[in-house]
Structure formats: C-alpha cells, structure tokens
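Just below is one structure, and these are the notes that go with it.
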Amino acid sequence: MSIKDIKAKDVMVKNPISIPPSEQVAAADLLMTRNSIGGLPVIDLEGNFIGEISLRDIMLSRFNISVGGMKVEDIMKKHAVAVSPDTSLKEVLEKMIEKRLRRIAVVEDNKLVGLIVHKEILKEIYNRIK
Numbered sequence: 095m096s097i098k099d100i101k102a103k104d105v106m107v108k109n110p111i112s113i114p115p116s117e118q119v120a121a122a123d124l125l126m127t128r129n130s131i132g133g134l135p136v137i138d139l140e141g142n143f144i145g146e147i148s149l150r151d152i153m154l155s156r157f158n159i160s161v162g163g164m165k166v167e168d169i170m171k172k173h174a175v176a177v178s179p180d181t182s183l184k185e186v187l188e189k190m191i192e193k194r195l196r197r198i199a200v201v202e203d204n205k206l207v208g209l210i211v212h213k214e215i216l217k218e219i220y221n222r223i224k
C-alpha cells in the first residue's frame with residue numbers, strides 16, 4: 095500500500111478521549127492537561143460528534159470572562175471539521191492545512207469513531223518510508 099492509498103481510518107486514534115457539552119470547562123482543562131493533549135472532541139449522550147474544545151479555546155475565553163462555572167458547550171467550536179473513515183489522507187491533510195488544524199474528528203453516521211492528530215500522520219508516513 096502506497097502513501098496515496100492511506101485513509102483516515104489508517105491513521106486515526108480509535109476511541110479517543112472525549113467530553114460531553116455539559117461538563118465544566120475546568121474539567122476539560124484538567125483532562126487535557128493530565129493526558130497531554132491539546133483538544134477534545136465533544137459528544138452528546140448518544141455519541142454524536144457535536145464540536146470540539148481546545149486548550150487554546152479555554153485560554154482565549156479566560157481573557158474575556160471567568161471560566162469558573164462555564165460549561166464546555168459555552169466555548170466549544172460547534173462547527174468543527176470532521177472527515178469519514180474512508181477519506182483519503184490527501185484530503186485530510188488539505189483540510190488540516192487549509193483550516194490550520196492539529197486534529198480532526200473522524201465521524202461515521204454522526205458518531206465519533208476516531209481522531210486524527212498530526213503526530214499520527216507523521217508516524218504513519220515514516221513507517222511506510224523507512
């Protein structure tokens with residue numbers, strides 16, 4: 095299989111850590127910090143992908159208001175970019191570059207099935223060329 099044949103499902107992290115929109119922003123911050131990740135997919139009670147929240151979102155919101163009692167849904171990106179498991183790596187990269195993303199959700203039938211992080215793409219390409 096060449097690099098041109100790589101699909102989103104080949105480089106995604108399965109069962110990524112996620113958070114519900116009703117969770118406190120402070121809990122999202124702690125979850126990201128403890129797991130050394132920069133963002134989380136936000137899913138509803140049925141597992142539908144509804145957005146994402148990042149450490150950057152939290153930092154920017156702190157400049158405007160106190161995030162103490164805020165919920166994830168108050169500051170999450172509601173129209174986050176997502177791809178399907180069969181999306182080509184080329185298309186994934188184009189979206190990530192165009193939108194300046196470090197991660198992109200992989201969604202099937204509105205359900206979160208994975209997360210692509212730029213580091214995983216680099217690992218996959220490296221493993222195929224070594």
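Take 95 as the starting number for the sequence shown in our numbering and just add one per residue.
Idealized CB from N, CA, C, for every residue including glycine.
Since we're looking at a predicted model, the values are computed, not measured.
Residue 105 sits close to residue 215, with the two beta carbons spaced by under 8 angstroms. Under DSSP, residue 205 takes part in a beta bridge, and its partners are 142 and 202.
Here residue 145 really is in contact with residue 172; their C-beta atoms are around 5 angstroms apart, less than 8 angstroms. DSSP lists 101 as the bridge partner or partners of residue 182. Assigned with DSSP and collapsed to three states, residue 112 falls in coil, not helix or strand.
Excluding the 5 residues flanking it on each side, residue 178 has same chain C-beta neighbours closer than 8 angstroms at 102, 200, 201 and 202, in chain order.
Assignment of residue 189 by DSSP, reduced to helix, strand and coil, places it in the helix class. In chain order, 97 place their CB closer than 7 angstroms to the CB of residue 222, counting only its own chain and leaving out the 5 sequence neighbours on each side. Across the set 191, 209, 205 and 163, the C-alpha of 209 shows the shortest separation from the C-alpha of residue 198. Between the C-alpha atoms of residue 166 and residue 174 there is a straight-line separation of about 14 angstroms. In the structure shown, residue 148 falls within a strand segment according to DSSP collapsed to helix, strand and coil. No Cβ-Cβ contact shorter than 8 angstroms links residue 149 with residue 163.
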